[in-house]
Amino acid sequence: MAAFSLPLRLSAGQIGTRFNTWRSRLIADARFQRWAAASPLTRRLARRKARALFDLCAGFVYSQILRACVQLEVFELLRGGPKDLAWLAARMRLTVPAARRLLSSAASLRLLRELPGDRFALDDLGAAVNGNPAIAAFVDHHDLLYADLKDPVALLRGETDTNLSRFWPYAGNRAHARSEAEDPADSGWPPESDDGRASAYSDLMSRTQPLVAENILDAYPFARHRCLLDVGGGDGAFLASAAERAPHLALKLFDLPPVAARARDRIEALGLSGRAEAIGGDMLRDSLPHGADVASLIRVLHDHDDESVRVILAAIYDALPPRGVLLVAEPMAGVRGVEPMGEAYFGFYLLAMGRGRPRSASEIAAHLEEAGFRWVRPLKTRRPLLVSALAATRV
Ligand SMILES: C[S@@+](CC[C@H](N)C(=O)[O-])C[C@H]1O[C@@H](n2cnc3c(N)ncnc32)[C@H](O)[C@@H]1O
243 MAAFSLPLRL SAGQIGTRFN TWRSRLIADA RFQRWAAASP LTRRLARRKA RALFDLCAGF
303 VYSQILRACV QLEVFELLRG GPKDLAWLAA RMRLTVPAAR RLLSSAASLR LLRELPGDRF
363 ALDDLGAAVN GNPAIAAFVD HHDLLYADLK DPVALLRGET DTNLSRFWPY AGNRAHARSE
423 AEDPADSGWP PESDDGRASA YSDLMSRTQP LVAENILDAY PFARHRCLLD VGGGDGAFLA
483 SAAERAPHLA LKLFDLPPVA ARARDRIEAL GLSGRAEAIG GDMLRDSLPH GADVASLIRV
543 LHDHDDESVR VILAAIYDAL PPRGVLLVAE PMAGVRGVEP MGEAYFGFYL LAMGRGRPRS
603 ASEIAAHLEE AGFRWVRPLK TRRPLLVSAL AATRV
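Just so we're aligned, residue 243 is where the sequence shown starts under this note's numbering, counting upward by one.
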């Protein structure tokens, strides 16, 4: 069969490309697929690949099953142990057949376990949702994202007026400007006080921050620093975690005025007013507060285009003293083992948001070096799916 034979007369440099093209043609061939599915040599691999492809096709259905479980509080209902189908159906206000359909589907996805006698219990994935409120926060938030992704080609062509550009007003209002840094501040954003938009995105960030903070604080010791400046620090969730982990540390936060006002409330509520302050401003235009010897940019750079990244890093360089350290932590592109999170998920999330892109650690390192930082080093975070981190030193 011609389709199964390797082309001859390949030059050394072309072998890789030719081989891949030949392999793709082979895999696309229906006769080869039938053979691979039947042969004892390839059967397992063929099944694994077929499953991976099916999962890609069915991903939205799986997400919506998780969505229904979160919305109906299934994981919460099972927190105390296994429950009967009839009891669960009544609590979810579903008919018994509808409840069975949902719960059995969730069991096939390893969120739940189906037990003998029409009973259901948490499986590992469902238990993990209970232990991590950030997951439920993201699942809720995905209503907006998935509506934006309904026509992905229109989104790629810039023809979609997205929900996420309204949810993230600092990104959306500038989506069509030639560049963020040039954009005139006449868009009505940010308002002097919160009109609800700053609290909506800041709430989501706070709910998803604890695990991120834990990973960063485990990866970088703050013991040798005096004062932390968290740039784009949101309403202070990371600051609060850092304050707890490093009781000697003074703390500053810089964010847009309505967000900084929320951070001030948190600082006061936590009794941190003596050692922490929140300053409102625009990091693309204003200079940053001086006095800190370590600065952090957590989930900030990926929201920005390259030109703004240069402005932000220059402002931080200017605010830090010699030997001051900058930590950059965010989900990064090209991280081994979690490539789809950086490239696919954040690639399309940020597209819908209207600004920014996921960058690899080496792209961020290049920006840091261009800004004058030296000794850029990766930090080992325990969950690179959530956040990767780099540290760099100001010379
Ligand atoms: C994705 S959120 C991350 C918040 C926080 N660092 C975290 O990880 O939870 C980005 C933050 O950057 C802030 N931000 C965006 N543009 C800004 C600007 N031009 N000046 C100051 N802060 C800005 C936003 O208000 C928001 O709080």
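Note that beta-carbon positions come from the ideal geometry of N, C-alpha and C, so glycine has one too.
Simplified DSSP assignment, three categories, for residue i
{"i": "ALA488", "result": "coil"}
{"i": "THR635", "result": "strand"}
{"i": "PRO324", "result": "coil"}
{"i": "ARG624", "result": "coil"}
{"i": "ARG309", "result": "helix"}
{"i": "GLU356", "result": "strand"}
{"i": "HIS418", "result": "Model confidence at HIS418 stands at a pLDDT of 40, short of 50, so the residue's coordinates are unreliable; what they give is reported in the following sentence. In this structure, HIS418 counts as coil in the three-state DSSP scheme."}
{"i": "TRP410", "result": "coil"}
{"i": "ALA272", "result": "helix"}
{"i": "SER483", "result": "helix"}
{"i": "ALA369", "result": "helix"}
{"i": "SER350", "result": "helix"}
{"i": "ALA423", "result": "Bear in mind that a pLDDT of 48 at ALA423, under 50, signals an unreliable position, so the number given afterwards is only what the model happens to contain. Three-state DSSP puts ALA423 in coil, outside helix and strand."}
Cα-Cα separation between residue i and residue j, rounded to whole angstroms
{"i": "GLY476", "j": "PRO282", "result": "56 Å"}
{"i": "ARG552", "j": "VAL618", "result": "16 Å"}
{"i": "LEU627", "j": "TRP264", "result": "34 Å"}
{"i": "GLY584", "j": "GLU605", "result": "13 Å"}
{"i": "ASP385", "j": "ARG565", "result": "44 Å"}
{"i": "ALA349", "j": "ALA511", "result": "42 Å"}
{"i": "ALA455", "j": "THR259", "result": "43 Å"}
{"i": "PHE261", "j": "ALA396", "result": "34 Å"}
{"i": "ALA419", "j": "ASP545", "result": "Summary for ALA419: the model assigns pLDDT 43, below 50, so the residue's position carries little reliability; its value from the coordinates is reported in the next sentence. When rounded, the distance between both Cα atoms is 15 Å."}
Residue i, enclosing beta strand (DSSP E) - first and last residue
{"i": "GLU572", "result": "567–572"}
{"i": "LEU336", "result": "Where LEU336 is concerned, there is no enclosing beta strand (DSSP E), given that its DSSP letter is neither H nor E."}
{"i": "LEU386", "result": "Not the beta strand (DSSP E): LEU386 falls in the alpha helix (DSSP H), residues 375–390."}
{"i": "ARG362", "result": "Before going further, note that residue 362 is Phe rather than Arg in the sequence given. Note, PHE362: beta strand (DSSP E), 361–364."}
Beta bridge counterpart(s) of residue i as assigned by DSSP
{"i": "ALA497", "result": "Sequence inspection shows Asp at residue 497; the Ala mentioned does not correspond to that position. In the DSSP output, where bridge partners are listed per residue, ASP497 has GLY522."}
{"i": "ALA396", "result": "Paired residues: none, contrary to the question."}
{"i": "PHE615", "result": "ARG636"}
{"i": "SER630", "result": "GLU572"}
N- and C-terminal bounds of the alpha helix (DSSP H) containing residue i
{"i": "ALA254", "result": "Neither: ALA254 is in no alpha helix (DSSP H) and is coded neither H nor E."}
{"i": "VAL553", "result": "548–561"}
{"i": "LEU470", "result": "Where LEU470 is concerned, there is no enclosing alpha helix (DSSP H), although the beta strand (DSSP E) it sits in stretches over 469–473."}
{"i": "ALA453", "result": "A small fix is needed here, since residue 453 is Leu in this sequence, not Ala. Taken as a continuous stretch (DSSP letters only), the alpha helix (DSSP H) holding LEU453 covers 439–461."}
{"i": "SER538", "result": "Element bounds for SER538: not the alpha helix (DSSP H) but the beta strand (DSSP E), 536–540."}
{"i": "SER604", "result": "603–612"}
{"i": "LEU314", "result": "No alpha helix (DSSP H) contains LEU314, which DSSP labels as neither H nor E."}
Any non-hydrogen atom of ligand 1 within 7 Å of residue i CB
{"i": "VAL542", "result": "yes"}
{"i": "ASP382", "result": "no"}
{"i": "TYR587", "result": "no"}
8 Å Cβ cutoff, residue i in contact with chain B
{"i": "GLY566", "result": "Chain labels in this structure do not include chain B; a single protein chain is all it has."}
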